[in-house]
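Engineer: This is the structure I have questions about; it appears just below.
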Amino acid sequence: IGGNTAILKTSEHSPRIHNAVAQIFSDAGLPAGVLNVVHVVESMVAHPAVRKINFTGSTPVGAKIAEMCGRHLKPSTMELGGAAPFIVLEDADIEHAVNNAIHASFTHSGQICMSANVLLLHDSIADKFLISMKSHALKAGPTPDSTYRGLFTTPSADRVRALIDDALSKGASRIIGASGSANIIQPTILDHTSESARIVREEIFGPAVCVIRFRDEEDAIRIANDREFGLSAAVFSKDVSRAFAMARRIESGAVHINDSTIHDCPTLPHGGWKKSGWGRFNGLEGIKEFTQVKVITVNELHKFPVA
1 IGGNTAILKT SEHSPRIHNA VAQIFSDAGL PAGVLNVVHV VESMVAHPAV
51 RKINFTGSTP VGAKIAEMCG RHLKPSTMEL GGAAPFIVLE DADIEHAVNN
101 AIHASFTHSG QICMSANVLL LHDSIADKFL ISMKSHALKA GPTPDSTYRG
151 LFTTPSADRV RALIDDALSK GASRIIGASG SANIIQPTIL DHTSESARIV
201 REEIFGPAVC VIRFRDEEDA IRIANDREFG LSAAVFSKDV SRAFAMARRI
251 ESGAVHINDS TIHDCPTLPH GGWKKSGWGR FNGLEGIKEF TQVKVITVNE
301 LHKFPVA
């Protein structure tokens, strides 16, 4: 719609996957030259034919690419890391919230920027919620043999294990989960997590989620906003007006009421606040990100504009 061709920068960890993606587009009939694949960053950013950079990835890497864009005066859209708060109020439909919490925490083994980092549970329903979540979280589907897959790399799994160990050392209790080995980590739920734990404040990007119990709405909003990220969030309540009022106060690019934090509708603008990036893709705002404004005037009276 914007009239642009595109360049796909492959991951250095799995370049063949992105080559396969490009081949799928080609097989589907996309004309040659509309989608192009490259394996380097700096030369792509510097090339004069590239007029806009859209990056989806971690905040540290996004900062480096944004720096490159600044050196070459290239506009950029950055969809970066997240640490989504998942708030469950005392009047929520518990089973509905539990199902969405499992989806938000463990889909793709938690390797989604919109994944739930912290479950903020009202004191009065926290125990009931966790009993239900524990009974469902260890399987990835309706059959007993449905299991979660490993993480992308062993170093990424080691990082998640370090976050879990840090939380345990600061008083958290492990409800379910095991550290595993290599790139395998079982779905892990940590209760009574300290707000000072790294796992509360950093993007987990793995099959682990921490729980903090809150007293009232003000407490929940304070905890939800006390982080460097602001990509996605969720609020669960049977009172939609109440949830909507909370959503307006949460510092996040998107807040989903009675729905998972993993939510990327193609007709709605997607992007973050704070260290989760800037700019939007999807929807009308996404099209505008990839267009340039030009003003053209016509002086039909042939008058010099001086009084």
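Quick note on numbering: the sequence shown equals residues 1 to 307 in full-length UniProt numbering.
Cβ coordinates follow ideal geometry from the N, Cα and C atoms, glycine included.
Because the structure is a prediction, the values reported are computed rather than measured.
(1) Per DSSP, which residues does residue 176 bridge with? Please list them.
(2) In angstroms with no decimal places, state the Cα-to-Cα distance between residue 269 and residue 281.
(3) Return the chain-ordered ranges of every beta strand (DSSP E) run that is complete within the segment 194 to 223 and spans a minimum of 3 residues.
(4) Across which residues does DSSP place residue 164 in a beta bridge pair?
(5) Go to residue 256, then tell me how far its beta strand (DSSP E) extends in each direction, as first and last residue.
(6) Starting from the C-beta of residue 221, find all residues in its chain whose C-beta is less than 8 Å away, skip the five residues before and the five after it, and write them out in chain order.
(7) Report the residue from 56, 149 and 131 whose alpha carbon sits nearest the alpha carbon of residue 272.
(8) My assumption, with CB atoms under 8 Å, is that residue 86 sits in contact with residue 116. Please give the rounded CB distance.
(9) Ordered along the chain, which non-local residues of its own chain (more than five positions away) have a Cβ less than 8 Å from that of residue 11?
(10) Exposed or buried, what is residue 5 when buried is set at 16 or more other beta-carbons lying within 10 Å of its beta-carbon?
(11) Let me check understanding here. Comparing Cα to Cα, which of 199, 190 and 192 lies closest to residue 163?
(12) Just to confirm, is the Cβ distance from residue 81 to residue 207 under 7 Å?
(13) For residue 61, which of helix, strand or coil comes out of DSSP?
(14) Of all the options 62, 183, 182 and 213, which has the alpha carbon lying nearest to the alpha carbon of residue 190?
(15) Around the C-beta of residue 299, are 16 or more other C-beta atoms found within 10 angstroms, so that it is buried, or is it exposed?
(16) How big is the Cα-Cα spacing for residue 197 and residue 167?
(17) For the structure I just gave you, are there three or more beta carbon pairs, one from the segment 236 to 245 and one from the segment 255 to 264, closer than 8 Å?
(18) Which residue spans inside the segment 6 to 63 form an unbroken beta strand (DSSP E) run of at least 3?
(19) Would residue 75 be called buried (16 or more neighbouring beta carbons within 10 Å of its own) or exposed?
(20) Taking the DSSP output, what are the residues bridged to residue 75?
Structural biologist: Based on what the coordinates show:
(1) Along the sequence shown, one-based indexing puts residue 176 at 176. For residue 176, which the question treats as bridged, DSSP gives the partners 189.
(2) The residue you call residue 269 lines up with position 269 of the sequence shown. The residue you call residue 281 lines up with position 281 of the sequence shown. Approximately 6 Å, taken between the alpha carbons.
(3) 208 to 214
(4) Position 164 of the sequence shown, counted from the start, is the residue given in the question as residue 164. Beta-bridge pairing links residue 164 to no other residue.
(5) Numbered from 1 along the sequence shown, position 256 holds the residue referred to as residue 256. Where residue 256 is concerned, the enclosing beta strand (DSSP E) stretches over 255 to 257.
(6) By 1-based counting over the sequence shown, the position of residue 221 is 221. Cβ within range, chain order: 246, 249 and 250.
(7) As a first step, residue 272 is located in the sequence shown; it is residue number 272 there, counting from the start. Ranking the options by Cα distance to residue 272, first place goes to 56.
(8) Position 86 of the sequence shown, counting from 1, holds the residue named residue 86. Position 116 of the sequence shown, counting from 1, holds the residue named residue 116. Rounded, the Cβ-Cβ distance is 4 Å, consistent with contact.
(9) For the purposes of this step, residue 11 is identified with residue 11 of the sequence shown, where counting begins at 1. Answer for residue 11: 17 and 18, listed in chain order.
(10) Locating residue 5 in the sequence shown gives position 5, counting from the first residue. Residue 5 should be labelled exposed.
(11) Reading the sequence shown from its first residue, position 163 is the one you call residue 163. Checked all of 199, 190 and 192; the closest Cα to residue 163 is 199.
(12) The count along the sequence shown starts at 1 and reaches residue 81 at position 81. The count along the sequence shown starts at 1 and reaches residue 207 at position 207. Not a contact, by the Cβ cut-off of 7 Å.
(13) As a first step, residue 61 is located in the sequence shown; it is residue number 61 there, counting from the start. Looking at residue 61 - three-state DSSP - the assignment turns out to be helix.
(14) Position 190 of the sequence shown holds residue 190. That would be 213, whose Cα lies nearest to the Cα of residue 190.
(15) As a position in the sequence shown, residue 299 is number 299, starting the count at 1. Classification for residue 299: exposed.
(16) If you number the sequence shown from 1, residue 197 lands on position 197. If you number the sequence shown from 1, residue 167 lands on position 167. Going from the Cα of residue 197 to the Cα of residue 167 covers about 5 Å.
(17) yes
(18) 6 to 9, 35 to 38 and 53 to 56
(19) For the purposes of this step, residue 75 is identified with residue 75 of the sequence shown, where counting begins at 1. Residue 75 should be labelled exposed.
(20) Translated into the one-based positions of the sequence shown, residue 75 becomes position 75. DSSP, once it has assigned bridges, lists no residue as partnering residue 75.
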